[in-house]
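With the numbering used here as the guide, the letters of the sequence shown map in order to residues 43 to 291. Even glycine gets a Cβ: it sits at the ideal position worked out from N, Cα and C. All figures in this text were calculated on a predicted structure; none of them were measured in a lab. Here's the structure we're looking at; comments come further down.
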Amino acid sequence: MTNKTMIEWVGTGSGLNPVLGNTSFLVKGLDRILLVDCGFTVPSELIKQAKLKEVTDILITHIHADHIGGLESFGFMNYFAFKKRDEERPNLYLATDSIAQALWEHSLRGGMEHAQTDENLLLNANLDTYFNVHVGNQIKIPGLPNLDFFPTLHVHKMENYGIKIGEQAWYSGDTVELPNTTARLIFQDCQFYETKSDVHVSYDKLKRELPAEVRSRTHLVHLGGGWDKKDATADGFAGFVRPGDKFEL
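Quick look at the structure:
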């Protein structure tokens, strides 16, 4: 691994695009690897690439299944297969205590609280059993750029965040909002239709309303049906991101 920080995309599809996999990426430094979001397709892809054990940190933007549906498998692999305990557990970064509570109570508790092993029956398990949990808007990981959560609009009354990665990269998360950043690398989710109840910004709106200079820095992710019918570069975007694509910071 080089001394440069790299962003490497695990998947770039929407929740209904298993071919491209759930949108997720790695931020890779010399000694630490951060996984941003962990949908239901992510652990198996990381296992295929022999990368799951290498992940030291994980960050979650919101609690839709295509962003957290693989966390149980991820936690089980680290706890039971890799025997990671105490400070060896992956760090889990969440913006607020309410997201931490919702993540456990409404998603992970059902399977993880009652996981049985030869050692014990984890009747009193919680997020801290499997992860070192950190809550707050600012994230400092040795060897990686500072990261900051910022709130975005996605689904009514759901907490949802994008991520600023140092000064050079910006990830929208799932949102109906246009990017507002001077970052060199903009990773923006989109959808390929428009309705009155959109929960993602549409490709056509981005094409219509983003200044050409911003569009040229915008790489499109969270790709659903219709993405392969568009020519993003011809429309002035930096392009569509594909699984395995790498960007140097």
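Mapping DSSP to helix, strand and coil, what is residue i?
| i | result |
| --- | --- |
| residue 270 | helix |
| residue 137 | coil |
| residue 201 | coil |
| residue 124 | coil |
| residue 280 | coil |
| residue 95 | helix |
| residue 291 | coil |
| residue 154 | helix |
| residue 180 | strand |
| residue 66 | strand |
| residue 145 | helix |
| residue 43 | Residue confidence is low: residue 43 scores 43 on pLDDT, short of 50, so the model does not pin down where it sits. Its coordinate-derived value is still stated next. Of the three classes helix, strand and coil, the one that applies to residue 43 here is coil, per DSSP. |
| residue 72 | coil |
| residue 56 | coil |
Within the continuous alpha helix (DSSP H) that includes residue i, where are the two ends?
| i | result |
| --- | --- |
| residue 108 | 107-110 |
| residue 84 | 84-90 |
| residue 117 | 113-118 |
| residue 169 | 169-172 |
Using 8 angstroms as the limit for Cβ to Cβ distance, is residue i near chain C?
| i | result |
| --- | --- |
| residue 228 | The structure shown has no chain C; it contains just one protein chain. |
From what residue to what residue does the beta strand (DSSP E) around residue i run?
| i | result |
| --- | --- |
| residue 190 | 189-193 |
| residue 328 | Because the chain is modelled from 43 through 291, residue 328 falls outside the range shown and cannot be assessed. |
| residue 312 | This structure cannot speak to residue 312, because the chain is shown only from 43 to 291. |
Using 8 angstroms for Cβ pairs, my map puts residue i next to residue j. What's the rounded Cβ distance?
| i | j | result |
| --- | --- | --- |
| residue 186 | residue 47 | 6 angstroms |
| residue 228 | residue 196 | Residue 228 to residue 196, Cβ: 17 angstroms. No contact. |
| residue 109 | residue 81 | 5 angstroms |
| residue 179 | residue 191 | 5 angstroms |
| residue 45 | residue 72 | 6 angstroms |
Unbroken stretches of the alpha helix (DSSP H), 4 residues or longer, contained in the region 224-267: 245-251, 254-257
Stretch pair the region 49-58 + the region 164-178: three plus CB contacts closer than 8 angstroms: no
Contact the region 245-257 vs the region 214-226: 3+ CB pairs below 8 angstroms: yes
Cβ contact check for the region 131-141 and the region 100-117: 3 or more pairs under 8 angstroms: yes
At least three beta-carbon pairs within less than 8 angstroms, the region 209-217 to the region 270-288: no
Any 3 or more C-beta pairs closer than 8 angstroms across the region 107-125 and the region 146-158: yes
At least 3 beta-carbon pairs within less than 8 angstroms: the region 141-149 vs the region 88-96: no
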